[in-house]
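Protein chains in written order, with the numbering used here: chain R, 575 to 854; chain C, 22 to 296. Have a look at the structure below before the remarks.
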Ligand SMILES: Nc1ncnc2c1ncn2[C@@H]1O[C@H](COP(=O)(O)OP(=O)(O)OP(=O)(O)O)[C@@H](O)[C@H]1O
Ligand SMILES: [Mg+2]
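As structure tokens, then:
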């Protein structure tokens, strides 16, 4: 009887503790959100989205160039990194032997562990120095490197879930190995791959360090791929540490916009899982 | 047709005399077929004939190599990592293990239906049926439409799905899914169809339908079917091979195997005195 009561008490205490820790992990997230929203909402206005930054000391202006810059940088990074990640992941599971597969997996894990600043330096020495200019493409190059491991590992995990009988079913119809991989295996797992990939994209959208010596930032309007380009995280960084109140205000607005972009991406990634029953 | 069957069975009943080969055309045969998983040998040299437009049943206790055997016939065996084969498999005059053989062509002439229904989950019923055609480059809409209808009709599924061809293949019942997989195999116009325990995941009514279907397919196709169900083997097959521990113990007309087998082991297995 005693031991029964004791067990019940222990149960209660443990459950209570776990609940407490669960709350503790949620609090930072919620407070960051609340903080950024309250600070950001009051600073945001139409000008913020449509105007360029004003020269030092002049009030007003916005971050139109940085918003467009971030969109451009992230799209370009996706353009090269997503195909590379998916193809490498597919190759790893479907075609590579166990040795090569584990080598690729190890490389991807190491890559995802490299500090983002180091990736920035790498892109700097590989692209910025030879081209003698900070540029959009070097920024996209650096961001892409941060995206590859996520895409590759997501693809690998998803494709591993495809039952062998599905591949055999396709092969038994005289469908080639390649077409089986693309039309049966990959199309079956695409929703999962998209979800994982978009979460990765959301992460790189907020990266600052890889852009410091690649995209560099730009106070004027530019979408030239071979010139420095503005980006939200860079602009937030510069404005937040500035002594001007108006700039600090805009940094909050920038932070809010960035968070909203990431949020929208996460939501889209979850709804992208709708299926259709036809060849694309 | 009716006469023809009876006649064959009569001839076959005189067991494995040369006259058997004369009466029926051999569609496929294996010679000293050995199959390995890594270093483990699952088949120890199988010599077997598969007669044209007849159903051949493969029976035997679990793990004796039935699946391995039929997976050698369409070279699906070697898809398993580390698996390989030795010996010979012929389809008509074609040596399937020859180096420069076109695997895709082989698999188009030898279809396969698996133990568990495995429709392609992201595809509609329509696309499931014509996947083999579409993915080998056929785009002609009216040709595809016709192939889909024809295959579903042959698979006795047309009436049940004709109004929902664009629904997911997964929306069907297990038995319907299996018939969908049969339709899918028929669409590429194979000459031989291999069935690996096609009814083991189905209820008795679906089983009946699939059996009936296989029976009707004999007219135009050569059938090989693995089954654990003795009654099923007796009902739908013309020839039966009994496998045990990776060897072919006995092969002959189903009637003979089930009523008067040559080997004691065969009789023990069939009468259930075994395992
Ligand atoms: N992927 C594999 N790797 C290693 N050995 C295997 C593999 N698949 C089958 N085997 C072995 O090969 C032998 C034959 O297996 P097979 O699947 O052909 O048996 P089966 O007669 O089809 O059995 P069942 O009636 O249970 O389906 C068995 O001893 C089995 O353990
Ligand atoms: Mg089996």
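Note that beta-carbon positions come from the ideal geometry of N, C-alpha and C, so glycine has one too.
Next on the checklist: Any beta carbon of chain R sitting closer than 8 Å to that of residue 35 of chain C?
Outcome noted: Confidence at residue 35 of chain C is low in this model, with a pLDDT of 43, below 50, so the placement of that residue should be treated as unreliable; the coordinate-derived value is given next. So, not an interface residue.
Next on the checklist: I need the DSSP call for residue 30 of chain C, collapsed to helix, strand or coil.
Outcome noted: With a pLDDT of only 45 at residue 30 of chain C, under the threshold of 50, the placement of this residue in the model should not be trusted, and no figure is reported.
Item to check | Cα-Cα separation, residue 103 of chain C to residue 255 of chain C | outcome: 36 Å
Next on the checklist: If distances are taken between C-alpha atoms only, which option among C:251, C:252, C:276 and C:290 comes closest to residue 270 of chain C?
Outcome noted: C:290
Item to check | Whole beta strand (DSSP E) elements within the segment 662-746 of chain R, 3-residue minimum | outcome: none
Checklist entry - Taking 7 Å as the cut-off, is the CB of residue 89 of chain C close to at least one heavy atom of ligand 1? => result yes
Next on the checklist: For the segment 113-142 of chain C, list every residue whose C-beta sits within 9 Å of some C-beta in chain A, in sequence order.
Outcome noted: Included in the structure are the protein chains R and C, with no chain A among them.
Checklist entry - Which residues of chain C have a Cβ atom closer than 7 Å to the Cβ of residue 746 of chain R, listed in chain order? => result 95, 97, 128, 132 and 133
Item to check | Cβ distance (whole Å) where residue 156 of chain C is taken to contact residue 757 of chain R below 8 Å | outcome: 6 Å
Checklist entry - When we look at the beta-carbon of residue 835 of chain R and count the other beta-carbons within 10 Å, is it buried (16 or more) or exposed? => result buried
Checklist entry - Leaving out five residues before and five after residue 188 of chain C in sequence, what residues of the same chain have Cβ atoms less than 7 Å from its Cβ? => result 145 and 146
Item to check | DSSP three-state assignment for residue 66 of chain C, whether helix, strand or coil | outcome: strand
Next on the checklist: Any heavy atom of ligand 1 closer than 7 Å to the beta-carbon of residue 93 of chain C?
Outcome noted: no
Checklist entry - Buried or exposed: where does residue 826 of chain R fall if 16 or more other Cβ atoms within 10 Å of its Cβ makes it buried? => result buried
Next on the checklist: Short of 6 Å in beta carbon distance, which residues of its chain neighbour residue 628 of chain R, apart from the five on each side in sequence? Order them along the chain.
Outcome noted: 634 and 635
Item to check | residue 800 of chain R burial status per 10 Å Cβ neighbour count (16 or more: buried) | outcome: exposed
Next on the checklist: Does the CB of residue 153 of chain C have a neighbour CB from chain R at under 8 Å?
Outcome noted: yes
Checklist entry - Sorted by chain position, which residues of the same chain lie with C-beta nearer than 6 Å to residue 713 of chain R's C-beta, five sequence neighbours on each side aside? => result 647, 785, 788 and 789
Item to check | residue 813 of chain R, DSSP secondary structure in three states | outcome: helix
Next on the checklist: Output needed for residue 841 of chain R: all residues of its chain with C-beta closer than 7 Å, excluding positions within five of it in sequence on either side, in chain order.
Outcome noted: none
Checklist entry - Of all Cβ atoms in chain R, is any one closer than 8 Å to the Cβ of residue 294 of chain C? => result no
Item to check | Beta-carbon proximity of residue 651 of chain R to residue 703 of chain R, cut-off 8 Å | outcome: no
Next on the checklist: For residue 637 of chain R and residue 822 of chain R, which I take to be in contact (beta-carbon distance under 8 Å), what is that distance rounded to the nearest angstrom?
Outcome noted: With a Cβ gap of about 13 Å, residue 637 of chain R and residue 822 of chain R do not count as contacting.
Checklist entry - Taking buried to mean at least 16 other C-beta atoms within 10 Å of its own C-beta, is residue 285 of chain C buried or exposed? => result exposed
Next on the checklist: Could you check whether residue 91 of chain C and residue 245 of chain C sit closer than 8 Å to each other, using their CB atoms as the reference points?
Outcome noted: yes
Checklist entry - Does ligand 4 have a heavy atom nearer than 7 Å to the CB of residue 723 of chain R? => result With respect to ligand 4, the structure shown offers nothing to examine, as its ligands consist of ligand 1 and ligand 2.
Next on the checklist: Suppose the cutoff is 8 Å on Cβ atoms and the five residues either side in sequence are ignored; what does the same chain contact list for residue 43 of chain C look like?
Outcome noted: With a pLDDT of 48 at residue 43 of chain C, under the threshold of 50, the predicted position of this residue should be treated as unreliable, though the coordinate-derived value follows. Excluding residues within five positions, none has a Cβ falling inside 8 Å.
Next on the checklist: Please give the ranges of any alpha helix (DSSP H) in the segment 781-841 of chain R, keeping only runs that are unbroken, at least 4 residues long and fully inside the region.
Outcome noted: 783-786 and 806-814
Checklist entry - Starting from residue 622 of chain R and walking both ways along the alpha helix (DSSP H), at which residues does that stretch end? => result 620-624
Next on the checklist: Just checking: is the beta-carbon of residue 743 of chain R within a distance shorter than 8 Å of some beta-carbon in chain C?
Outcome noted: yes
Item to check | Buried versus exposed, by CB contacts within 10 Å (16 or more), residue 775 of chain R | outcome: buried
Checklist entry - Nearest CA to the CA of residue 624 of chain R: which residue from R:639, R:614 and R:833? => result R:639
Item to check | chain R within 8 Å of residue 2 of chain C, Cβ atoms only | outcome: A question about residue 2 of chain C goes unanswered here, because the residues of chain C that appear run from 22 up to 296.
Checklist entry - Using 8 Å as the limit for Cβ to Cβ distance, is residue 710 of chain R near chain C? => result no
Checklist entry - Do residue 205 of chain C and residue 153 of chain C have their C-beta atoms within less than 8 Å of each other? => result yes
Item to check | Stretch-stretch touch, CB-based, cutoff 8 Å, three pairs: the segment 65-76 of chain C with the segment 114-132 of chain C | outcome: no
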